[in-house]
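K.L.:
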Amino acid sequence: MCLLCLWAVFLAIEIPPLRQAQGRDKEKASQSWHYYSISKQATIFTMKVALGVTGGIAAYKAAELVRLLQDRGIRVQVVMTRAAQEFVRPLTFAALSGEKVITDLFGAGAEDPNIDSAVEHIAVAQAIDALVVAPATADVIAKFAHGEANDFLTTLFLATTAPVVVAPAMNVNMWENAATQANIQTLKARGYAVVEPDSGYLACGMVGAGRLAANETIVLAVLKALRAEQDLAGETILVTAGPTREPIDPVRYIGNRSSGKMGYALAEAALRRGAKVVLISGPTALKPPSSVEVTQVQTAQQMRDAVMAHFERATIVIKAAAVADFTVRAAADEKIKRKGPMTLELEPTIDILAELGAKKGSRIIVGFAAETNDVLANARRKLESKSLDAIVLNDVSQPGIGFDSERNAVTILTHAGVETVPETSKWEVAHRVLDAVVKVRAERKAPSVRR
Ligand code: PMT
Numbered sequence: 070m071c072l073l074c075l076w077a078v079f080l081a082i083e084i085p086p087l088r089q090a091q092g093r094d095k096e097k098a099s100q101s102w103h104y105y106s107i108s109k110q111a112t113i114f115t116m117k118v119a120l121g122v123t124g125g126i127a128a129y130k131a132a133e134l135v136r137l138l139q140d141r142g143i144r145v146q147v148v149m150t151r152a153a154q155e156f157v158r159p160l161t162f163a164a165l166s167g168e169k170v171i172t173d174l175f176g177a178g179a180e181d182p183n184i185d186s187a188v189e190h191i192a193v194a195q196a197i198d199a200l201v202v203a204p205a206t207a208d209v210i211a212k213f214a215h216g217e218a219n220d221f222l223t224t225l226f227l228a229t230t231a232p233v234v235v236a237p238a239m240n241v242n243m244w245e246n247a248a249t250q251a252n253i254q255t256l257k258a259r260g261y262a263v264v265e266p267d268s269g270y271l272a273c274g275m276v277g278a279g280r281l282a283a284n285e286t287i288v289l290a291v292l293k294a295l296r297a298e299q300d301l302a303g304e305t306i307l308v309t310a311g312p313t314r315e316p317i318d319p320v321r322y323i324g325n326r327s328s329g330k331m332g333y334a335l336a337e338a339a340l341r342r343g344a345k346v347v348l349i350s351g352p353t354a355l356k357p358p359s360s361v362e363v364t365q366v367q368t369a370q371q372m373r374d375a376v377m378a379h380f381e382r383a384t385i386v387i388k389a390a391a392v393a394d395f396t397v398r399a400a401a402d403e404k405i406k407r408k409g410p411m412t413l414e415l416e417p418t419i420d421i422l423a424e425l426g427a428k429k430g431s432r433i434i435v436g437f438a439a440e441t442n443d444v445l446a447n448a449r450r451k452l453e454s455k456s457l458d459a460i461v462l463n464d465v466s467q468p469g470i471g472f473d474s475e476r477n478a479v480t481i482l483t484h485a486g487v488e489t490v491p492e493t494s495k496w497e498v499a500h501r502v503l504d505a506v507v508k509v510r511a512e513r514k515a516p517s518v519r520r
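For the sequence shown, the residue numbers in my numbering are 70 to 520.
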């Protein structure tokens, strides 16, 4: 049998997940947006994780970890230390991941080591959404803790700003050694996630802590690091985003400076955390995530109608849209000609949020409040008067945040307390708002607090 045929049999019989992974890769390549669906889960967010494999007997378990991460739609770039290659051949990981396995800092052994291979660790560091090291030996943990960078994995660790998850595996005495424990504490103190090893029989014949944690536990830690922990699975979240436009005549309108970025970040974050997302969007230049059900609207009235059409099936509503408070009483059918001074007669739009609050039932309703003065008092008044569960206060008098900015700073008010989110990305703000929603949901389930 030729080598190619043997390979085909290997694919078909031994590791069916590889075929799935290859199919997904093709699908990914054809998509400009990073969402897609596979049968196992309704919505999957495609991200790239570097899996560092170091030289321990548990290195073989990393092969299953590749598959489990791929099952969640995550692309895996394997990086092996020299010692790891003594335990498992890079070809195994190449076959499973469908990607070239990185084994050396300067592409030594490669046919043509060049500047690309010399700076590859920087490229990988910038391309990944997380780095997971499993198994992590005492040696690599010490190097991480002391900032040593003498191979691809350790340079990648220093170069990346992505979250890092370390899953140690070693002999119990090595694990319990004060030096290892001090290194682990250093990593934890610097914000790296450590998946504690399990206890049991170890490969060395001893019994105790040091066995690589279950792959499922490592996957959960990776999902948490990626902020894809699926804590909103089962929820249907209706998000509103962007401005509305109230027509004056066929070519003019009353609008506002909302870009939709805050609402789209919420939709994307909720999707990543496992929710089904319905997005009602005013006109924006943004491309909505493909797994989100989107209704595009123009006016406040259209936004109200779209929200009501989807309200029934929503379990959570988050209203980030900047809905016009006034509309033109009688918009002209023809373009208004320029002559003399002109007065527009405006009338209030329907308050969608108040309408939702009045009929919310068991839903969690979150409003936004864009305020310029008496900000806390105004937000609290909206929280109470519209029967909301939370309100996100945006002090839009602050420069550089809020409307049409990449960044935001908010105060989240719930009936249980107030949380300040200092200036950060809208992506992070979105997650903090969703964290607050998860908290409200948990408090509701607690027997003593019912709203
Ligand atoms: O879109 P970006 O450029 O990313 O900017 C984000 C943002 C600043 C628009 C966003 O963070 C924000 O603050 N959104 C709310 C803006 C707003 O309309 O605030 P408000 O205080 O006027 O309204 C309070 C709440 O009532 C909002 O949830 C709003 O959606 C809702 N509302 C308002 C009027 C109306 N007729 N019906 C409503 O439901």
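All C-beta atoms, glycine included, are put in the ideal place defined by N, C-alpha and C.
Kindly indicate which three-state DSSP category Leu175 falls into: helix, strand or coil?
P.N.:
It is worth fixing the name first, because residue 175 is Phe in this sequence and not Leu. Three-state DSSP puts Phe175 in coil, outside helix and strand.
K.L.:
Check whether chain D comes within 8 Å of Val465, counting only Cβ atoms and requiring the distance to be less than that.
P.N.:
The chain inventory of the structure shown lacks chain D, comprising one protein chain alone.
K.L.:
Confirm the yes/no value for this check: CB of Ile253, any heavy atom of ligand 1, distance under 7 Å.
P.N.:
Flag unset: Cβ of Ile253 not near ligand 1.
K.L.:
How long is the line joining the alpha carbons of Ala207 and Ala248, rounded to whole angstroms?
P.N.:
Cα to Cα, Ala207 sits roughly 9 Å from Ala248.
K.L.:
Between Asp300 and the rest of its own chain, which residues show a CB-CB distance below 6 Å, the 5 nearest in sequence each way excluded?
P.N.:
Correct list, in chain order: Arg342, Val507.
K.L.:
Output the distance between the C-alpha atoms of Leu225 and Ala272, rounded to the nearest integer angstrom.
P.N.:
Between Leu225 and Ala272, the C-alpha separation is close to 29 Å.
K.L.:
Exposed or buried, which one is Trp102 when buried takes at least 16 other CB atoms within 10 Å?
P.N.:
Caution is warranted here: a pLDDT of 27 is assigned to Trp102, below 50, making its placement in the model unreliable, and the coordinate value is therefore given only provisionally. It is exposed - the Cβ of Trp102 has fewer than 16 other Cβ atoms within 10 Å.
K.L.:
Kindly indicate which three-state DSSP category Ile287 falls into: helix, strand or coil?
P.N.:
DSSP places Ile287 in helix when its eight states are reduced to three.
K.L.:
Roughly how many angstroms separate the alpha carbons of Val465 and Ala438, rounded to a whole number?
P.N.:
Spanning the two alpha carbons is a distance of roughly 9 Å.
K.L.:
If we count the other Cβ atoms within 10 Å of its Cβ and call it buried at 16 or more, is Glu304 buried or exposed?
P.N.:
The residue in question, Glu304, is buried, as its Cβ has 16 or more Cβ neighbours within 10 Å.
K.L.:
Name the one or two DSSP bridge partners that Arg476 has.
P.N.:
Partner(s): Ser494.
K.L.:
If you count every other CB in all the chains shown that lies within 10 Å of the CB of Lys514, and 16 or more means buried, which is it?
P.N.:
Burial call: exposed.
K.L.:
With a threshold of 7 Å, establish whether the CB of Asn477 neighbours any heavy atom of ligand 1.
P.N.:
Yes, Cβ of Asn477 sits closer than 7 Å to a heavy atom of ligand 1.
K.L.:
Inspect the beta-carbon positions of Gly274 and Trp244 and report whether they are closer than 8 Å.
P.N.:
Going by C-beta atoms, Gly274 is not nearer than 8 Å to Trp244.
K.L.:
Tell me the DSSP secondary structure of Met243 in three-state form.
P.N.:
Helix, per DSSP.
K.L.:
According to the neighbour-count rule (16 or more other Cβ atoms, all chains shown, within 10 Å of its Cβ), is Tyr270 buried or exposed?
P.N.:
Looking at its Cβ environment, which holds fewer than 16 other Cβ atoms inside 10 Å, Tyr270 is exposed.
K.L.:
In angstroms, rounded to a whole number, what distance separates the CA positions of Ala334 and Val288?
P.N.:
Going from the Cα of Ala334 to the Cα of Val288 covers about 24 Å.
K.L.:
Provide the residue(s) that pair with Leu482 in DSSP beta bridges, ordered along the chain.
P.N.:
Looking at the DSSP assignment, Leu482 forms a beta bridge with Ile460, Val487.
K.L.:
In angstroms, rounded to a whole number, what distance separates the CA positions of Glu512 and Ile405?
P.N.:
Their backbone Cα atoms lie some 54 Å apart in a straight line.
K.L.:
Less than 8 Å separating the beta-carbons of Val392 and Thr441?
P.N.:
Cβ atoms of Val392 and Thr441: not closer than 8 Å.
K.L.:
Tell me the residue span of the alpha helix (DSSP H) that contains Ala131.
P.N.:
Where Ala131 is concerned, the enclosing alpha helix (DSSP H) stretches over 130-140.
K.L.:
Between Ile439 and ligand 1, is there a pair consisting of the residue's CB and a ligand heavy atom that are separated by less than 7 Å?
P.N.:
In the sequence as presented, Ile is not what sits at residue 439; that position holds Ala. Yes, since a heavy atom of ligand 1 falls inside the 7 Å radius drawn around the Cβ of Ala439.
K.L.:
Look at the alpha carbon of Lys388 and the alpha carbon of Ile434, and state the distance between them as a whole number of angstroms.
P.N.:
Those two C-alpha atoms are separated by around 8 Å.
K.L.:
Quick one: does the C-beta of Val465 sit closer than 7 Å to a heavy atom of ligand 1?
P.N.:
Within the cutoff, so yes.
K.L.:
What residue does the alpha helix (DSSP H) around Gln370 start on, and which one ends it?
P.N.:
Its alpha helix (DSSP H) spans residues 369-380.
K.L.:
Can you give the Cα-Cα distance for Thr480 and Gly426, rounded to whole angstroms?
P.N.:
Near 20 Å, if we compare the C-alpha coordinates of Gly426 and Thr480.
K.L.:
CB-CB under 7 Å to Glu217, same chain, minus the five flanking residues each way: which ones, in chain order?
P.N.:
Around Glu217: Thr223.
K.L.:
What does the alpha-carbon distance come out to for the pair Val386 and Tyr261?
P.N.:
So the two alpha carbons sit approximately 33 Å from each other.
K.L.:
Any idea if Val320 is buried or exposed, counting beta-carbon neighbours within 10 angstroms, 16 or more meaning buried?
P.N.:
Flag for Val320 reads exposed.
K.L.:
Taking all protein chains shown into account, do 16 or more other C-beta atoms lie within 10 angstroms of the C-beta of Ser491, making it buried, or fewer, making it exposed?
P.N.:
Rather than Ser, the amino acid found at residue 491 in this sequence is Pro. Result: exposed.
K.L.:
Could you pull out every residue in the same chain whose Cβ sits closer than 8 Å to the Cβ of Thr161, ignoring the five residues on either side in sequence?
P.N.:
Hits under 8 Å: Ala132.
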